Amino acid sequence: MVTDAVLETQSVSIAYGDTKAIRNVSLRFLENRITAIIGPSGCGKSTLLRSLNRMNDFNADVRTSGRFLYRGEDLYGPDADPVEVRRRIGMVFQKPNPFPRSIAQNVTWGPLINGLLLKSEAPARVESALRMAGLWDEVKDRLDDSGFSLSGGQQQRLCIARALAMEPDVILLDEPCSALDPVSTARIEDLLFELKTRYTIVIVTHNMQQAARVSDYTAFLEAGQLIEFGETDQVFTRPSEKRTEEYVTGRFG
Ligand SMILES: Nc1ncnc2c1ncn2[C@@H]1O[C@H](COP(=O)(O)OP(=O)(O)O)[C@@H](O)[C@H]1O
Ligand SMILES: [Mg+2]
């Protein structure tokens, strides 16, 4: 079934010390679908997103409760390997953050260091990941140039290629276009459309038009609580909660 939940949170709460950032959130992320997480600044979008691939583990102050299921397995269970979790569930950040390495090395560093790729297989992986990220044609003649030599939009697609090179299953993106110009943003949005045929995608965005354009499902958070979740069309045109309506029509936030 194409519409199964790949990832699921059940009554998840997350706190930084005494600050509650996420309260009792239950959400299902469906296979080969794009789910957008929207809501005002500080409502917990990034915190929730980072919990989905155990990126919050790096912060000793974070306390997480509730259940996370990834393909039916407990994401935080004793048998779950956080490194493997982050390989299967990749992440792309707000600001493009290539390594200070060549374009090709940016793509292969992760899989090489994790023993997932032989040196002899590297050129093929570089090409396939860059092709999937829609960057190959622009960089194929300059693979040894520094990742920093690329434009901001190209750097972000390089970061997407770097995530894809790990052969993930789910891709999490945290406001991936907020540092980009409109043309680069449109390229990434087109790319997400292609990528969802192979991956399950979760995107945090504060850009309402972007959420409406790219996502199949939308989750609206406010003050750490899930106010509404549904098909994107419904959430934007016929929200069932007054607060959602106020937010998506721009009357607040
Ligand atoms: N590393 C942190 N330490 C302490 N508090 C944090 C940290 N990161 C976020 N917070 C707090 O958690 C809440 C949610 O933040 P965040 O998830 O970044 O929201 P959003 O991504 O929606 O802007 C905010 O109150 C924020 O101040
Ligand atoms: Mg954020």
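Position in the sequence shown (from 1) plus 5 gives the number in the numbering used here.
Note that the Cβ used here is the ideal one computed from N, Cα and C, for glycine as well.
Since we're looking at a predicted model, the values are computed, not measured.
For the pair ILE94 and LEU226, the CB atoms are not nearer than the 9 Å cut-off. DSSP, reduced to helix, strand and coil, places ASP149 outside both helices and strands of the structure shown, so it counts as coil.
Bridge partners of ARG72 according to DSSP: GLN15. Counting every other CB atom within 10 Å of its CB across the protein chains shown gives ASP179 a total of 16 or more, marking it as buried. Beta-bridge analysis with DSSP links SER189 to no other residue. Judged by the Cβ position, PRO45 qualifies as a neighbour of ligand 1 at the 8 Å threshold, a heavy atom of the ligand being closer than this.
Closer than 8 Å to some heavy atom of ligand 1: that describes the Cβ of TYR21. Given a length threshold of 3 residues, each whole run of the beta strand (DSSP E) inside the stretch 89–119 is given here in chain order: 94–97.
Between PHE98 and THR14 a beta carbon distance of about 21 Å is seen, past the 8 Å cut, so the two are scored as non-contacting.
In the DSSP assignment, GLU227 falls within the unbroken beta strand (DSSP E) covering 222–227.
Residue pairing for ASP179: DSSP places it in a beta bridge opposite VAL209. Nearest Cα to GLN110 within the set VAL209, GLY49 and ASP149: ASP149.
In the DSSP assignment, VAL30 is bridged to VAL17. Checking the DSSP bridge columns, you'll see THR24 partnered with TYR21. Residue state for ALA170 is assigned as coil, using DSSP reduced to three classes. Residue state for LEU57 is assigned as coil, using DSSP reduced to three classes.
If you look at GLU236, you'll find it isn't in any alpha helix (DSSP H); it sits in the beta strand (DSSP E) that goes 230–236. Judged by the Cβ position, GLU194 fails to qualify as a neighbour of ligand 2 at the 8 Å threshold, every heavy atom of the ligand being at least this far.
Taking the C-beta atoms as reference points, VAL67 is found no nearer than 9 Å to ALA138. Beyond the five residues adjoining it in sequence on each side, VAL90 comes within less than 8 Å, by CB distance, of ASN58, ARG59, TYR75 and LEU80 in the same chain, given in chain order. Take GLN230, set aside five residues on each side of it, and the residues of its chain with a beta-carbon closer than 6 Å to its own are ARG28, in chain order. LYS50 is classed as buried because its beta carbon has at least 16 other beta carbons within 10 Å across all chains shown. For ALA41, the secondary structure class from DSSP, reduced to helix, strand or coil, is strand.
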